[in-house]
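Colleague: The structure that follows is given in the form of structure tokens.
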Amino acid sequence: MMVPVDLHCHSNFSDGLLPPQEVTRKAAERGCKLFALTDHDDTRGLALAAEEAAKYDMKFLNGVEVSASWGKYTLHIVGLNVDPANPVLSEGLASVRAGRDDRAQQMSASLARVGLDNVLEGARKYAENPEMISRTHFARYLVEIGAAKDTKSVFKKFLVRGKPGYVDHEWARMHEAIEWIRAAGGVAVLAHPGRYEMGNETMRVLLTEYRRLGGEAIEVVSGSHGAAEVGRFGRLAQEFGFMASCGTDYHATGEGAREPGLNPELPIGCTPVWAQWLPEHA
Numbered sequence: 031m032m033v034p035v036d037l038h039c040h041s042n043f044s045d046g047l048l049p050p051q052e053v054t055r056k057a058a059e060r061g062c063k064l065f066a067l068t069d070h071d072d073t074r075g076l077a078l079a080a081e082e083a084a085k086y087d088m089k090f091l092n093g094v095e096v097s098a099s100w101g102k103y104t105l106h107i108v109g110l111n112v113d114p115a116n117p118v119l120s121e122g123l124a125s126v127r128a129g130r131d132d133r134a135q136q137m138s139a140s141l142a143r144v145g146l147d148n149v150l151e152g153a154r155k156y157a158e159n160p161e162m163i164s165r166t167h168f169a170r171y172l173v174e175i176g177a178a179k180d181t182k183s184v185f186k187k188f189l190v191r192g193k194p195g196y197v198d199h200e201w202a203r204m205h206e207a208i209e210w211i212r213a214a215g216g217v218a219v220l221a222h223p224g225r226y227e228m229g230n231e232t233m234r235v236l237l238t239e240y241r242r243l244g245g246e247a248i249e250v251v252s253g254s255h256g257a258a259e260v261g262r263f264g265r266l267a268q269e270f271g272f273m274a275s276c277g278t279d280y281h282a283t284g285e286g287a288r289e290p291g292l293n294p295e296l297p298i299g300c301t302p303v304w305a306q307w308l309p310e311h312a
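Going by my numbering, the sequence shown opens with residue 31, and the numbers climb by one from there.
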């Protein structure tokens with residue numbers, strides 16, 4: 031069974047390929063009833079997405095995905111139902127974006143040392159928003175020049191810890207990301223926790239601290255999660271008292287597990303984060 035809810039999608043205002051209107055239209059045409067655009071560290075595509083959602087009578091939530099550092103880990107924290115005009119959130123996101131260009135230059139220099147020259151110049155061709163140059167833009171260019179067969183393969187060979195192109199970077203601290211989201215009236219959701227390469231004990235430490243700092247939900251169903259991870263994080267959500275969210279994490283057709291708009295049901299016993307906005311599907 032599928033639920034008509036998608037609370038994690040990207041447009042070309044960050045590292046998606048499609049404009050906000052097209053991503054929103056895709057979700058609506060697949061029967062979505064509640065949709066959130068959650069671009070990385072930027073809210074400037076939200077008005078366009080909201081306008082498109084209204085054409086289809088689809089409920090829309092302003093969202094954002096904030097890049098955050100916790101120890102040696104980079105986390106992503108989705109903010110749902112945020113006020114994009116809130117100055118605390120706006121200033122925080124601007125500070126995160128400011129560090130992206132420097133990281134990109136370091137990534138390009140690292141790749142040049144293994145014979146891959148001018149990758150930053152190539153990656154910029156894929157970045158509609160020049161402030162939001164990301165690893166995904168690098169990955170698309172590396173596929174274009176034949177360094178890997180697809181973007182998934184790029185992240186096995188490059189751009190991740192221990193591989194060429196990886197650069198340690200200090201994002202917002204986890205507590206700052208949560209504070210910005212809450213200041214803007216939003217709900218903080220830990221995105222795709224199954225993607226963080228940490229053991230069970232470290233994950234439990236993370237969830238304990240995340241809860242203490244004001245995190246209210248975790249993504250249980252994600253385009254990054256298989257059935258085992260859905261079950262695991264469904265149990266952890268219930269144990270720690272988190273609401274459960276779902277999202278395709280759509281970036282582009284062919285780059286992820288699902289198209290935007292629909293997600294599998296949550297495990298029995300989970301409390302949907304969307305119950306407050308779409309109670310008829312909670």
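We put the CB at the ideal spot given by N, CA and C, even for glycine. Please read all numbers here as calculations on a predicted model, not as lab measurements.
1. Would you grab the beta carbon distance between Leu76 and Gln51 for me? Rounded to a whole angstrom, and I think it's under 8 Å.
2. For the beta strand (DSSP E) that contains Met273, what are its first and last residues?
3. Please check the pair Val94 and Leu123, which I expect to be a contact at CB under 8 Å, by giving their CB distance rounded to whole angstroms.
4. Taking C-alpha atoms, which residue in Ala305, Ala312, His255 lies nearest to Arg288?
5. Would you kindly work out how many angstroms separate the C-alpha atoms of Pro117 and Ile211, rounded to a whole number?
6. With contact counted as at least three CB pairs below 8 Å, one residue from each stretch, are the region 241-249 and the region 140-156 in contact?
7. Is Val94 helix, strand or coil when you go by DSSP?
8. If you compare alpha carbons, which of Pro294, Cys300, Thr73, Ala115 is closest to Val96?
9. Tell me the DSSP secondary structure of Lys89 in three-state form.
10. How long is the line joining the alpha carbons of Lys63 and Phe263, rounded to whole angstroms?
11. Looking at Ala169 and Leu150, is the spacing between their C-beta atoms short of 8 Å?
12. Among Thr68, Gly224, Ser44, Val33, which residue has its Cα nearest to the Cα of Tyr156?
13. So who's on the other strand from Val184, going by DSSP bridges?
14. Restricting to Cα atoms, I'd like to know which of Val53, Met31, Val33, Met32 is closest to Cys39.
15. Does the region 191-208 come close enough to the region 97-106 that 3 or more CB-CB pairs lie under 8 Å?
16. Could you give the residue range of the alpha helix (DSSP H) that holds His205?
17. Whose CA, out of Met88, His281, Gly284, lies closest to the CA of Arg60?
18. In whole angstroms, what is the alpha-carbon distance linking Lys202 and Lys187?
19. Does the separation of the CB atoms of Pro294 and Met32 fall below 8 Å?
20. Pick out whichever of Leu189, Pro297, Ala153, Gln268 has its Cα sitting closest to the Cα of Ala258.
21. What do you reckon, is the C-beta of Met31 under 7 Å from a heavy atom of the ligand HEM?
22. By DSSP, does Leu48 sit in helix, in strand, or in coil?
23. So, for Val112: in the same chain, excluding its five sequence neighbours on each side, which residues have a beta-carbon less than 8 Å away from its beta-carbon?
24. Report the partner residues of Thr104 according to the DSSP bridge assignment.
25. Classify Phe168 as helix, strand or coil using the three-state DSSP reduction.
26. Is the Cβ-Cβ distance between Ala282 and Ala274 less than 8 Å?
27. Let's see if you can read the secondary structure: which residues bound the beta strand (DSSP E) around Val250?
28. Which two residues bound the contiguous alpha helix (DSSP H) that contains Val260?
29. Once DSSP output is grouped into helix, strand and coil, what is the label at Ala115?
Modeller: Taking the definition as stated:
1. At roughly 12 Å, the Cβ-Cβ gap does not stay under 8 Å, so Leu76 and Gln51 are not in contact.
2. 273-277
3. 7 Å
4. Minimum Cα-Cα distance from Arg288 among the listed residues Ala305, Ala312, His255 corresponds to His255.
5. 11 Å
6. no
7. Strand at Val94.
8. Thr73
9. strand
10. 24 Å
11. no
12. Ser44
13. DSSP, once it has assigned bridges, lists no residue as partnering Val184.
14. Closest by C-alpha distance to Cys39, out of Val53, Met31, Val33, Met32, is Val53.
15. yes
16. 204-213
17. Met88
18. Sequence check: residue 202 is Ala here, not Lys. For Ala202 and Lys187, the distance between alpha carbons rounds to 27 Å.
19. For Pro294 and Met32, yes; Cβs fall inside 8 Å.
20. Pro297
21. Questions concerning the ligand HEM fall outside what the structure shown contains, since it holds no ligand whatsoever.
22. The answer is coil: DSSP assigns Leu48 none of H, G, I, E or B.
23. Thr73, Asn92, Gly93, Val94, Leu119, Ile211, Ala214, Gly215, Gly216.
24. Ser99
25. helix
26. no
27. 247-252
28. Note, Val260: alpha helix (DSSP H), 257-270.
29. coil
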